[in-house]
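Residue numbers (my numbering), protein chains in the order written: chain Y, 1 to 302; chain L, 1001 to 1089.
Note sheet for the following structure.
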């Protein structure tokens, strides 16, 4: 009973605080100036235009470079100073290495293919993981809003992730998509590979029915392009949007300051959820599905 | 019933923004229902399986996360298409 009344008093006090804030600050009307989509706009820092091709350096490029550099240097650095008695970082990295080697790669394809494709899948996992994780560290990248510190204009701190932009997951997906087809053709031969798309057990079917099923399989292979890229992109983008709206965006947009008292603690909960689960899980899913696709393209039975 | 104030309030711009708002609401809302049922089903079945065969727990764990992420992504597909309709059209 005592704990219960404590919880009730706490919740009641919190609600009373929100209501008091609502009464003090009131509703200042809908804010037309704040545009949430501008938080994801790519400002051109170094404009590079080749004809109609836009190769400008923007914050997505910065995050891409940081993620690639972290992937390369962190892994090389840790592998150079491997010790007999591992410290905490080495243990964690060995755990992740073991996950990519035995679980993701080894569990989904035969040994010969796994040996050949493990470096690619491991790099894919660590690159997406670093890319997702640095997306939750605030960096001074928001050049649209600058903060004046002793006469020096520095960009405001903001979070962004390379994977929250559709281009990067799409490129990764295209690399995966082309490579699993190439690997399948290499393993089985050109016509045998496409024939293996048909599920087993159709030997007595008419050619017309086989063609219809083949068409469905073709569509499903193209849908993989969308599902694999949009899954990663949408998860990270939705996470960042949730953090943006809960961490004050909703209160600013609607002009109700009291709403911030209610949504701000939720932002912490979502931050922990995103960093603790979604960032790692999406890297895991992307590389696992890649392994499944490569394994499916090379395995003897469908 | 006199509907002329309603008819006067209906503008092309108003219809367009109402359509966008409905797209976002229906997209995010209905998508979440399906994915919510799916995620609940996966975790429920996993609990059931572990209760039946506790020795399979470690093997089921990775399959569970795979299923969870695949199902959960469905909610985000609808959410993203709703956002595209809301902000980019």
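No residue lacks a Cβ here, since even glycine has one placed at the ideal position from N, Cα and C.
Residue closest to residue 21 of chain Y, alpha-carbon to alpha-carbon, out of Y:264, Y:91, Y:258:
Y:258
| request: Kindly say whether residue 90 of chain Y, judged by its beta-carbon, lies nearer than 8 Å to any beta-carbon of chain L. | output: no
Q.
Among the candidates Y:27, Y:14, Y:36, Y:12, whose CA atom is the shortest distance from the CA of residue 247 of chain Y?
A. The candidate whose alpha carbon is nearest that of residue 247 of chain Y is Y:36.
| Three-state secondary structure (DSSP) of residue 42 of chain Y | coil
Note to self: Residues in the same chain with beta-carbon distance under 8 Å from residue 162 of chain Y, minus the five sequence neighbours each way, listed in chain order, please.
What the structure shows: 60, 63, 64, 67, 131, 135, 168
Grouping DSSP H, G and I as helix and E and B as strand, with all else coil, what is residue 157 of chain Y?
Residue state, collapsed to three classes: strand.
### Message
Is there a Cβ of chain L sitting closer than 8 Å to that of residue 282 of chain Y, yes or no?
### Response
yes
Local Cβ density within 10 Å of residue 153 of chain Y, reported as buried at 16 or more and exposed below that: exposed
Strand pairing of residue 49 of chain Y, partner residues [DSSP]
Y:54
In chain order, each beta strand (DSSP E) run of at least 3 residues that lies wholly inside the region 119 to 153 of chain Y: 139 to 149
Could you compute how far the alpha carbon of residue 293 of chain Y sits from the alpha carbon of residue 171 of chain Y? The alpha-carbon atoms of residue 293 of chain Y and residue 171 of chain Y are separated by roughly 16 Å.
Short CB-CB distance (under 8 Å) between residue 1087 of chain L and chain Y: yes
Q.
I need the straight-line Cα distance from residue 209 of chain Y to residue 52 of chain Y, nearest angstrom please.
A. If you take the alpha carbons of residue 209 of chain Y and residue 52 of chain Y, they lie about 45 Å apart.
Is the CB of residue 1058 of chain L under 8 Å away from at least one CB in chain Y?
no
Report yes or no: do the region 273 to 281 of chain Y and the region 108 to 123 of chain Y share at least 3 C-beta pairs separated by less than 8 Å?
Touching, no.
query = CA-CA distance, residue 269 of chain Y and residue 275 of chain Y?
reply = 10 Å
**Prompt:** Based on Cα-Cα distance, which residue from Y:128, Y:10, Y:39 lies nearest to residue 1087 of chain L?
**Reply:** Answer by Cα proximity: Y:39.
- Message: Measuring only the C-alpha atoms, how far is residue 224 of chain Y from residue 266 of chain Y?
- Response: 34 Å
If the cut is a Cβ gap below 9 Å, which residues of chain L does residue 146 of chain Y touch? Per Cβ cutoff of 9 Å: no residues; residue 146 of chain Y is ~24 Å from chain L at best.
| message | Can you check whether the C-beta of residue 295 of chain Y is within less than 8 Å of a C-beta belonging to chain L? | response | no
Q. Which term fits residue 82 of chain Y, buried or exposed, when burial requires 16 or more other beta carbons within 10 angstroms of its beta carbon?
A. exposed
Q. What does residue 1066 of chain L touch in chain Y if you count any residue whose Cβ is under 7 Å from its own?
A. Within chain Y, the residues near residue 1066 of chain L are 285, 288.
Open item on the list: Using 8 Å as the threshold, is the C-beta distance between residue 183 of chain Y and residue 298 of chain Y below it?
Closed with: yes
Next on the checklist: On the DSSP bridge list, what partners appear for residue 27 of chain Y?
Outcome noted: Y:256
Tell me which residues of the region 223 to 237 of chain Y have at least one Cβ-Cβ distance to chain L shorter than 8 Å, keeping chain order.
227, 230, 231, 233, 234, 235, 237
### residue 103 of chain Y at chain L interface by Cβ criterion, 8 Å
yes
Fill in: Identity of the residue in Y:97, Y:241, Y:197, Y:55 nearest residue 75 of chain Y by Cα
That would be Y:97, whose Cα lies nearest to the Cα of residue 75 of chain Y.
- Query: Around the Cβ of residue 77 of chain Y, are there at least 16 other Cβ atoms within 10 angstroms (buried) or fewer (exposed)?
  - Reply: exposed
What separation, rounded to the nearest whole angstrom, lies between the Cα atoms of residue 42 of chain Y and residue 166 of chain Y?
-> 12 Å
Cβ neighbours of residue 57 of chain Y in the same chain (closer than 6 Å, five flanking residues each side left out):
45, 46
Just to confirm, is the Cβ distance from residue 1075 of chain L to residue 1024 of chain L under 8 Å? Judged by beta-carbon spacing, residue 1024 of chain L lies beyond the 8 Å limit of residue 1075 of chain L, meaning their Cβ atoms are not closer than that value.
message = Please tell me whether residue 84 of chain Y has its Cβ less than 8 Å away from any Cβ of chain L.
response = no
Quick test of your reading: residue 1067 of chain L and residue 1042 of chain L, contact by CB under 8 Å. State the CB separation rounded to the nearest angstrom. 5 Å
Query raised in the report: What residues in the region 1069 to 1087 of chain L have a beta carbon less than 8 Å from any beta carbon of chain Y?
Result: 1069, 1070, 1072, 1073, 1076, 1077, 1079, 1080, 1083, 1087
Query raised in the report: CA-CA distance, residue 1079 of chain L and residue 1053 of chain L?
Result: 37 Å
Q. Looking at the structure shown, is residue 242 of chain Y part of a helix, part of a strand, or coil, going by DSSP?
A. helix
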